[in-house]
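The next block holds one structure in the form of structure tokens; read it before the comments.
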Amino acid sequence: MTLAPETTDLKVQLKLESGADDWFTVCDLSHLVPGRGVAALLPDGRQVALFRDRAGTLYAIDNRDPFCGAAVLSRGLTGTHQGRPFVASPLLKQRFDLASGQCLDDESVRIATYEVRTA
142 MTLAPETTDL
152 KVQLKLESGA
162 DDWFTVCDLS
172 HLVPGRGVAA
182 LLPDGRQVAL
192 FRDRAGTLYA
202 IDNRDPFCGA
212 AVLSRGLTGT
222 HQGRPFVASP
232 LLKQRFDLAS
242 GQCLDDESVR
252 IATYEVRTA
């Protein structure tokens, strides 16, 4: 059975790294279920993992796990550690802070984060 998601007027947008005030519409807000990730393809071919927490805060990080190179972070488990929201890689279980991209298990590793908004 296929369900058609509800459509809202709110779209999730990412700020691109071009330096200009360029925002890219990624998906409808209703596609983001709190606690679960969604992967999206950017115009330059990179993938981004989008998350929405139970409070409604949106996060966007690089979808590529830097430890194994696979684009899987959108499938990771979310949680909090000392008040910091994180996603744990589904492969090797390293945790990445959703706000800063900092790996909570290896200080020398950080992934890209993106500004995100609804429009």
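Under the working numbering, the first residue of the sequence shown carries the number 142, and numbering increases by one thereafter.
For every residue, glycine included, the Cβ atom is placed at its ideal position computed from N, Cα and C.
On a predicted model such as this, the values are computed, not experimentally measured, just so you know.
Residues that DSSP places opposite residue i in a beta bridge
{"i": "Lys234", "result": "Paired residues: none, contrary to the question."}
{"i": "Ala190", "result": "Ala180, Ile202"}
Residue range of the unbroken beta strand (DSSP E) whose run includes residue i
{"i": "Pro226", "result": "225-229"}
{"i": "Cys168", "result": "164-169"}
{"i": "Val153", "result": "152-156"}
Proximity below 8 angstroms, CB of residue i to CB of residue j
{"i": "Leu199", "j": "Arg205", "result": "no"}
{"i": "Cys168", "j": "Ala180", "result": "no"}
beta-carbon residue i near the ligand COA non-hydrogen atom, thresh 7 angstroms
{"i": "Cys168", "result": "The ligand COA is not part of this structure, which contains no ligands at all."}
Exposed unless 16 or more other CB atoms sit within 10 angstroms - verdict on residue i
{"i": "Ser215", "result": "buried"}
{"i": "Asp238", "result": "buried"}
{"i": "Gln235", "result": "buried"}
{"i": "Gly217", "result": "buried"}
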